[in-house]
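Peer 1:
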Amino acid sequence: MEKIFTTRSILLWILFAVVMCAIPFLAGKGFLRICIQAFFLAIYAMSWDVLSGRTGYVSFGHPFLVGIGTYATAILSYRFDMPLIASIPLGILATMIGGTILFLPALRIKETYFALVTLAFMELIYQLTQVVRPDLTGGTRGISGIESITTGAINNYYLSFGLMFIIAFSLWALMRTRLGNALSAIGMNEEAVKGCGINTTKLKLFAFLVSALVAGIGGAFSVHYFGSLAPRNLFDINFLFTIIVAALIGGSSTIIGPMIGALFLTFLLEYLRPWVPGTERFFIYGIVALLLYMYRPSGIYAIFWEVVDKFKGKNASSIKDSTSIQGVK
Amino acid sequence: MALLEINNLEAFYGMAQSLHGISLNIEEGSIVGIIGSNGAGKSTLMDSIMGLVNTKGSIKLEGEELTGKKSADVVKLGVGYAPERAHLFPYMSVYDNLLVGGITAKEDIDKNLSMVLDLFPNLIDRKNQETGTQSGGERQMVSVGRALMTSPRLLLVDEPTIGLSPKVCLDIARALRKLNEETGLTILITEQNVNFAMSLASHIHVFETGELRLSGPTDELRSNPELAKAYFGH
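So this is what it looks like as structure tokens:
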């Protein structure tokens with residue numbers, strides 16, 4: 017058996033952490049706040065990718081999962097004065113349990129129907145948060161004044177980066193195990209996976225639980241950073257597409273790809289703001305995404321490795337060898 | 013007792029019946045060929061054993077009933093399956109494809125991996141190549157290899173020579189024979205390529221429109237005028 021951790025891959029992860037930890041010493045607070053948004057988006061995109069990018073079950077209801085974690089921890093801490101050390105884990109647990117109860121039956125259906133059912137879940141929770149116990153959920157206005165975990169851009173930068181890094185590293189390690197291998201195989205040919213003696217229903221459930229865990233962590237921590245939540249923003253189609261586009265634009269079925277996609281998208285939208293202050297910015301990012309899908313559907317991460325291969329003098333198109341990117345994929 | 017006993021098997025794709033009352037036995041340690049033209053029911057027989065289609069009748073592996081079981085459970089009972097046109101994971105390397113096959117083998121995974129690479133040495137240099145970029149022959153080798161990674165007692169190989177050159181067919185035949193001789197593995201193979209099947213199998217069953225038309229030792233069937241007329245045109 018090949019080792020999960022190689023010296024090269026560990027060194028690359030350490031280098032990544034060191035570079036990212038050095039940024040607060042070099043950049044301003046505005047830049048750090050954009051990074052924080054990007055890190056949370058990266059967590060959502062990785063969560064989406066574990067389920068949809070790997071297994072091919074495209075979820076249009078990911079804000080639903082993020083929403084459970086967000087609402088659960090916000091209600092527990094804001095309405096019931098529960099300490100964050102308890103409300104955050106309970107929020108994550110609620111995401112996994114609530115998500116499983118609703119999503120699990122949907123895993124029996126495939127392709128477009130799965131996507132539509134998950135989209136319906138998002139709409140369902142959007143409506144429910146407004147009409148069921150608005151005294152708890154805050155109804156259409158949501159909740160504001162939610163307690164922060166820490167204050168200041170630098171502290172929140174390290175907190176959000178730490179979360180993203182731990183999640184990314186854990187997922188990367190998981191995907192390099194036999195289990196991760198089988199998860200990726202489902203997206204390519206589920207029948208063939210069954211033919212290898214693997215129970216794909218259990219495997220999909222596992223992928224979903226991991227996806228819900230990550231979405232729950234992202235949702236629970238982000239609400240304590242932003243300090244407020246509003247159902248219109250949380251269960252919004254733009255938020256959904258931003259998650260999906262971040263994963264796809266960076267490189268689906270990789271761990272690095274969704275992180276690159278999230279950073280690229282967040283900075284693109286922020287740096288366009290002075291020139292295009294309105295929602296027209298989304299039009300520009302739509303064009304960028306479209307061009308990437310048309311000409312490089314495997315995403316920015318694959319483009320990066322093509323450039324590296326060219327620099328090394330390898331002919332990338334002759335034999336597609338998965339070792340070149342395996343070190344950090 | 014035969015390793016695999018099939019009795020009065022009927023198979024259905026929705027309302028359409030594809031197999032009609034098939035009964036046959038496969039002895040342990042043998043290579044058995046199923047031949048027939050397109051639509052004869054060869055692949056349906058494989059799918060039936062694997063629990064991938066609705067069936068009636070009985071399929072027993074060493075006395076244990078397979079009908080009604082999910083394919084994952086059939087594999088765990090000792091049936092390895094290399095489907096028609098390989099059905100690999102195209103964006104994964106040869107090595108990763110083999111590892112997916114080996115998930116259920118657990119502690120045997122390293123032993124199985126070296127057995128597969130010994131059987132198909134061409135794969136050693138291609139270990140890290142994505143299977144989607146490989147030739148048909150190499151893909152077929154990975155497919156058989158992946159089935160072997162499950163530590164099977166019975167290996168099902170569905171039309172391994174489709175679209176392959178005679179040289180590659182010969183390599184695959186050599187590997188399957190070696191496997192059978194060295195490990196005693198029972199192999200059930202379906203083929204349209206009658207010469208290929210007859211060069212390997214000790215026993216042949218001829219299928220036609222979902223029914224079993226002829227059965228017998230290969231040497232007997234080789235001189236059977238009915239078979240010669242159906243497959244060799246004389």
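Those protein sequences? They're chains Y and L, same order as listed.
Just add 16 to wherever you are in the first sequence, counting from 1, and you've got this note's numbering.
Just add 12 to wherever you are in the second sequence, counting from 1, and you've got this note's numbering.
We treat Cβ as the ideally placed atom computed from N, Cα and C, and that holds for glycine.
Note that the structure is a prediction, hence the values are computed from the model and not measured.
(1) Does C51 of chain Y have its Cβ less than 8 Å from a Cβ in chain L?
(2) Would you identify the three-state DSSP class for F219 of chain L, choosing helix, strand or coil?
(3) Who are the near neighbours of P229 of chain L in its chain, counting only those whose CB is closer than 7 Å to its CB and skipping five residues on each side?
(4) Pick from Y:R312, Y:F222, Y:R192, Y:G235: whose alpha carbon is nearest that of I20 of chain Y?
(5) Between the stretch 20 to 35 of chain L and the stretch 311 to 321 of chain Y, can you find at least three pairs of beta-carbon atoms closer than 8 Å?
(6) In chain order, what residues of the stretch 161 to 181 of chain Y put their CB closer than 8 Å to some CB of chain L?
(7) Shorter than 8 Å from the beta carbon of H99 of chain L to some beta carbon of chain Y?
(8) With a threshold of 16 other CB atoms inside 10 Å of the CB of P247 of chain Y, please say whether the residue is buried or exposed.
(9) Among Y:Y301, Y:N249, Y:R289, which residue has its Cα nearest to the Cα of I141 of chain Y?
(10) In whole angstroms, what is the alpha-carbon distance linking A52 of chain L and E40 of chain L?
(11) Could you say which of Y:T134, Y:E127, Y:V324 lies nearest to L120 of chain Y if we only look at CA atoms?
(12) According to a CB-to-CB cut-off of less than 7 Å, which residues of the stretch 71 to 85 of chain L neighbour chain Y?
(13) Using a Cβ cut-off of 8 Å, which residues of the stretch 198 to 216 of chain Y contact any Cβ in chain L, in chain order?
(14) Note down the Cα distance separating P40 of chain Y from Q53 of chain Y, rounded to an integer number of angstroms.
(15) Give a yes or no on whether the C-beta atoms belonging to A240 of chain L and F208 of chain L are separated by under 8 Å.
(16) Determine the direct distance from the alpha carbon of S238 of chain Y to that of H78 of chain Y, and round the result to whole angstroms.
(17) Taking three-plus beta-carbon pairs below 8 Å as touching, is the stretch 70 to 84 of chain Y in contact with the stretch 102 to 114 of chain Y?
(18) How about Q204 of chain L and S49 of chain L: are their beta carbons less than 8 Å apart?
(19) Taking 6 Å as the limit between beta carbons, can you name the residues of its chain near R158 of chain L, skipping five residues before and five after?
(20) Measuring CB atoms only, is the stretch 220 to 230 of chain Y touching the stretch 186 to 200 of chain Y, in the sense that at least three cross pairs come out at less than 8 Å?
(21) Can you tell me whether M204 of chain Y is buried or exposed? The criterion is at least 16 other CB atoms within 10 Å of its CB, across all chains shown.
(22) Output needed in chain order: residues of the stretch 105 to 117 of chain L with a Cβ under 7 Å from some Cβ in chain Y.
(23) Per DSSP, which residues does P229 of chain L bridge with? Please list them.
(24) Check the Cβ of T56 of chain L against every Cβ in chain B and list those closer than 8 Å, keeping chain order.
(25) Would you list the residues sitting across from E17 of chain L in a DSSP beta bridge?
(26) Taking 8 Å as the CB-CB cut-off, is R312 of chain Y touching chain L?
(27) Near G158 of chain Y, which residues of its chain fall below 7 Å by C-beta distance, leaving aside the five closest residues on each side in sequence?
(28) DSSP three-state call for I260 of chain Y: helix, strand or coil?
(29) Excluding the five sequence neighbours on either side, which residues of its own chain have a C-beta within less than 7 Å of the C-beta of P102 of chain L, listed in chain order?
(30) What does the Cβ neighbour count give for K210 of chain Y, buried or exposed, with the cut at 16 atoms within 10 Å?
(31) Does the CB of P95 of chain L have a neighbour CB from chain Y at under 8 Å?
(32) Taking only beta-carbon atoms, is R24 of chain Y less than 8 Å away from chain L?
(33) Just to check my reading of the structure: V91 of chain L and L160 of chain L have Cβ atoms closer than 8 Å, yes? What is that Cβ distance to the nearest angstrom?
(34) Does the separation of the CB atoms of N134 of chain L and E150 of chain L fall below 8 Å?
(35) Say whether chain L places a C-beta atom closer than 8 Å to the C-beta of R194 of chain Y.
(36) What are the partner residues of Y164 of chain Y, as DSSP defines its beta bridges?
Peer 2: On the basis of the supplied data:
(1) no
(2) strand
(3) S214, H215
(4) Looking at the Cα atoms, Y:R192 is the closest of the given residues.
(5) no
(6) none
(7) Look at H99 of chain L: its C-beta is under 8 Å from a C-beta on chain Y.
(8) When all chains shown are included, P247 of chain Y counts as buried.
(9) Y:N249
(10) 25 Å
(11) Y:T134
(12) S83, A84
(13) Flagged, chain order: A198, S200, A201, M204, N205, E207, A208, V209, K210, G211, C212, G213, I214, N215, T216.
(14) 15 Å
(15) no
(16) 15 Å
(17) yes
(18) Q204 of chain L places its beta carbon less than 8 Å from that of S49 of chain L.
(19) Non-local C-beta neighbours of R158 of chain L in its own chain, meaning closer than 6 Å and more than five positions away in sequence, comprise N109, L110, G113, ordered along the chain.
(20) Cβ pair count under 8 Å is three or more, so yes.
(21) buried
(22) S105, D108, L111, V112, G113, I115, T116
(23) L:H215
(24) Although the question refers to chain B, the structure presented lacks it and instead comprises the protein chains Y and L.
(25) Partner(s): L:N37, L:K72.
(26) no
(27) S244, L245, A246, P247
(28) helix
(29) E142, T143, G144
(30) buried
(31) yes
(32) no
(33) Wrong, their Cβ atoms sit about 12 Å apart, outside the cutoff.
(34) Result yes, Cβ atoms of N134 of chain L and E150 of chain L sit closer than 8 Å.
(35) yes
(36) Reading off the sequence, residue 164 of chain Y comes out as Ser, not Tyr. DSSP lists no partner for S164 of chain Y.
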